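This report refers to the structure that appears directly beneath it.
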DNA sequence: TTCATTTGTCTCTCCTAGCGATACAGCGTA
DNA sequence: TACGCTGTATCGCTAGGAGAGACAAATGAA
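The structure is reproduced here in structure tokens:
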């Protein structure tokens with residue numbers, strides 16, 4: 439591991455995860471990296487055109503070049519493009535917001551939102567890490583990921599987000615068993631009052647869980663019956679995507 | 439400038455600019471970076487989850503995490519999102535492929551393509567650098583960028599891409615003068631036989647040229663008359679985008 | 001099979017590049 | 001004016017990243 443590179447990305451992530459230009463001191467505090475190092479890196483990144491200094495304020499922000507790097511990455515990952523176009527179409531079809539998340543070791547990270555057509559938009563933040571026991575996507579990982587993830591999750595106290603959050607170890611174990619049997623997961627106001635999520639697993643070429651597809655909506659508009667059109671559609675889509683990924687050799691990330 | 443960070447991004451760019459997993463030696467040769475260093479960096483980047491090693495082949499490729507970094511960048515650059523949605527709509531309206539490019543110092547780099555509805559897709563590659571004297575977008579930079587860019591461009595021999603490429607210094611000077619006067623540029627089979635491009639400038643908050651909007655199509659389907667709907671629409675759109683950028687303080691990248 | 005070549009990876013020493021402490025300059029504010 | 005911020009510059013120190021080269025595992029040709 440090269441420390442300088444690690445620091446650089448740490449700073450970039452911090453920069454990109456906030457919603458405005460950031461100052462050197464600010465970033466130093468947020469990341470825990472000494473100010474001098476932060477400054478040195480910001481200057482370096484500016485030289486590489488991945489960061490720019492906002493005139494007047496002297497604060498720093500990421501540039502469109504970093505966006506471009508991501509775009510080019512997507513161009514080289516055909517399955518990513520295919521997934522995105524498919525999910526775009528799916529969103530148009532069912533109207534609810536869709537959330538694509540990637541499995542990273544032992545957590546679930548949101549890659550992209552496809553906003554529904556509801557007046558009030560519901561969407562999670564790209565880059566966000568979802569709670570394992572309270573989100574439908576997290577339950578998918580607990581059910582279809584490596585078994586030690588579930589054990590590890592249960593070894594720590596489960597955080598309560600709403601009155602409906604499952605915080606009992608045995609209850610969660612039962613829930614995960616149910617998810618594993620029927621092949622899809624729900625989060626019924628367990629993470630935020632008034633909102634439901636359903637999620638389905640997407641498997642990679644190696645057969646391992648690679649992504650999850652989530653449908654999120656206000657509870658009044660999203661049925662959680664097994665034969666509801668949303669669930670049937672989501673299951674069909676995730677199966678299609680698994681098939682899509684199966685065609686190639688590469689894996690997730 | 440931190441060498442390690444510079445190397446890391448150099449390697450990443452190389453990785454992302456090719457269309458498949460790359461080997462260590464391969465990248466070392468392509469980038470001119472010693473093999474040992476490339477390997478060390480790839481391992482480091484793998485540790486940061488921005489790169490993964492493809493099983494079996496042992497080659498490396500960028501992961502969706504890098505894509506995510508770009509997406510998050512876009513989320514923090516409101517004008518980028520606004521531009522993208524506007525251009526998406528515009529593409530649907532005029533049907534031709536659109537190309538959004540960013541001005542980087544003294545060259546023009548493609549950020550994103552919005553593919554038209556033609557059966558045969560025409561699009562440039564995201565990340566590609568466009569020739570200044572032969573592309574419509576390049577002429578925009580020569581006309582509206584700093585004057586030394588034009589001088590510098592003319593100081594070197596102009597590469598001929600097609601029989602119609604302008605390779606005479608005086609001819610190019612006249613052409614650029616014309617572009618500057620009317621506010622838009624064309625490339626009439628000057629870069630590839632059979633294809634036309636028209637481009638318009640998009641100015642940033644500081645009044646400097648920041649982006650260009652290009653329309654690309656087969657020559658039979660794209661009129662280059664000043665009053666053609668494509669040109670009028672493109673000009674209106676780029677003016678709108680300039681206005682959009684004028685509202686905020688940040689700049690390009 | 002055998003040999004040769006090339007791959008990704010590792011080991012080693014060397015010295016430079018990145019490090020933190022500290023100082024400094026510019027800007028608002030009190 | 002004095003203060004408390006900011007971003008930036010300086011400067012020795014040494015840890016950490018550098019390159020050369022060795023190595024093993026593929027790969028391919030004979």
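Protein chains in written order, with the working numbering: chain A, 439 to 691; chain B, 439 to 691. Note that the Cβ used here is the ideal one computed from N, Cα and C, for glycine as well. Fair warning: this is a prediction, and the values are worked out from it, not measured in the lab.
Would you say the stretch 643-653 of chain A touches the stretch 600-616 of chain A, given that touching needs at least three Cβ pairs under 8 Å?
No, they do not touch.
Under 9 Å Cβ-Cβ, which residues of chain B neighbour residue 478(A)?
Per Cβ cutoff of 9 Å: 440.
Does residue 502(A) come within less than 8 Å of chain B when only Cβ atoms are used?
Yes, its Cβ sits closer than 8 Å to a Cβ of chain B.
When 676(A), 639(A), 551(A) are compared against residue 576(A), the one with the closest alpha-carbon
It is 639(A).
Nearest by alpha-carbon distance to residue 599(B): which of 584(B), 610(B), 611(B), 629(B) is it?
Proximity to residue 599(B) across 584(B), 610(B), 611(B), 629(B) peaks at 629(B), based on C-alpha coordinates.
Residue 571(B) versus residue 651(B): straight-line alpha-carbon distance, rounded
If you take the alpha carbons of residue 571(B) and residue 651(B), they lie about 16 Å apart.
How far does the alpha helix (DSSP H) with residue 619(B) in it extend, from its first residue to its last?
Residue 619(B) -> alpha helix (DSSP H) spans 607-620.
Range of the contiguous alpha helix (DSSP H) that encloses residue 677(A):
For residue 677(A), the enclosing alpha helix (DSSP H) starts and ends at 667-684.
Excluding the five sequence neighbours on either side, which residues of its own chain have a C-beta within less than 6 Å of the C-beta of residue 477(B), listed in chain order?
Around residue 477(B), the same chain offers 462 as residues with beta carbons nearer than 6 Å, after the five sequence neighbours per side are excluded.
Can you find a CB in chain A that lies within less than 8 Å of the CB of residue 552(B)?
Taking Cβ atoms only, chain A never reaches closer than 8 Å to residue 552(B), which makes this a no.
Going along the chain, which unbroken runs of the beta strand (DSSP E) with 3 or more residues stay wholly within the stretch 533-617 of chain A?
Runs found: 535-542, 545-552.
Three-state secondary structure (DSSP) of residue 490(A)
The answer is strand: DSSP assigns residue 490(A) an E or B state.
For the candidate residues 562(B), 618(B), 569(B), 568(B), whose alpha-carbon lies nearest to that of residue 582(B)?
Comparing alpha-carbon positions, the option among 562(B), 618(B), 569(B), 568(B) lying closest to residue 582(B) turns out to be 618(B).
When the cut-off is 8 Å and only beta carbons count, does residue 466(B) lie next to chain A?
Chain A places no beta carbon closer than 8 Å to that of residue 466(B), leaving this residue out of the contacts.
Would you tell me roughly how many angstroms separate the C-alpha atoms of residue 458(A) and residue 466(A), rounded to the nearest one?
As the crow flies, the alpha-carbon of residue 458(A) is around 16 Å from that of residue 466(A).
Does the stretch 579-596 of chain B come close enough to the stretch 536-545 of chain B that 3 or more CB-CB pairs lie under 8 Å?
With contact defined as three or more Cβ pairs closer than 8 Å, the stretch 536-545 of chain B and the stretch 579-596 of chain B are in contact.
Collapsed DSSP secondary structure at residue 690(A) in the structure displayed:
With a pLDDT of 40 at residue 690(A), under the threshold of 50, the predicted position of this residue should be treated as unreliable, though the coordinate-derived value follows. Residue 690(A) falls in the coil class under three-state DSSP.
Quick check: the Cα distance between residue 595(B) and residue 530(B), rounded to an integer number of angstroms?
Going from the Cα of residue 595(B) to the Cα of residue 530(B) covers about 39 Å.
Are at least three pairs of beta-carbons, each pair with one atom in the stretch 549-567 of chain B and one in the stretch 652-663 of chain B, less than 8 Å apart?
Verdict: yes, contact present.
Distance between residue 660(B) and residue 625(A) (C-alpha atoms, nearest Å)
One C-alpha to the other measures close to 51 Å.
Distance CB(residue 518(A))-CB(residue 525(A)) smaller than 8 Å
No, the Cβ-Cβ distance between residue 518(A) and residue 525(A) is not below 8 Å.
Going by the beta-carbon positions, is the gap between residue 565(A) and residue 510(B) smaller than 8 Å?
Yes, the Cβ-Cβ distance between residue 565(A) and residue 510(B) is below 8 Å.
Check whether the Cβ atoms of residue 444(A) and residue 475(A) sit closer than 8 Å, and answer yes or no.
Between residue 444(A) and residue 475(A), the gap from beta carbon to beta carbon reaches 8 Å or more.
Please check if any C-beta of chain B sits within less than 8 Å of the C-beta of residue 542(A).
Yes, contact with chain B.
Secondary structure at residue 449(B), three-state DSSP: helix, strand or coil?
DSSP, reduced to helix, strand and coil, places residue 449(B) within a helical segment of the structure shown.
For residue 591(B), collect the residues of the same chain with a Cβ closer than 7 Å to its Cβ; drop the 5 residues on either side in sequence, then sort them by chain order.
Residues 570, 571, 580 of the same chain have their beta carbon placed closer than 7 Å to that of residue 591(B), with the five preceding and five following residues left out of the count.
Spatial neighbours of residue 503(B) within its chain, please: CB distance less than 6 Å, with the 5 preceding and 5 following residues excluded, ordered by chain position.
Cβ within range, chain order: 487, 488.
Starting from the beta carbon of residue 454(A), find every residue of chain B whose beta carbon is closer than 7 Å, and list them in chain order.
Result: 507, 510, 511, 514.
What does the alpha-carbon distance come out to for the pair residue 523(B) and residue 539(B)?
Looking at the two C-alpha atoms, the distance is approximately 15 Å.
Range of the contiguous alpha helix (DSSP H) that encloses residue 464(A)
Where residue 464(A) is concerned, the enclosing alpha helix (DSSP H) stretches over 462-469.
Looking at chain B, is there any beta carbon in it that lies within less than 8 Å of the beta carbon of residue 482(A)?
Residue 482(A) counts as touching chain B.
Within the continuous beta strand (DSSP E) that includes residue 651(A), where are the two ends?
Per DSSP, the continuous beta strand (DSSP E) segment holding residue 651(A) begins and ends at 647-656.
Assigned exposure category for residue 514(A) - 16 Cβ within 10 Å defines buried:
Buried: at least 16 other Cβ atoms inside 10 Å.
Quick check: the Cα distance between residue 670(B) and residue 683(B), rounded to an integer number of angstroms?
The straight-line gap from Cα to Cα measures roughly 20 Å.
So, are the CB atoms of residue 450(A) and residue 507(B) less than 8 Å apart?
Yes.
Give, in chain order, every residue of the stretch 617-629 of chain B whose Cβ lies closer than 7 Å to some Cβ of chain A.
Look at the stretch 617-629 of chain B: it has no residue with a C-beta under 7 Å from a C-beta of chain A.
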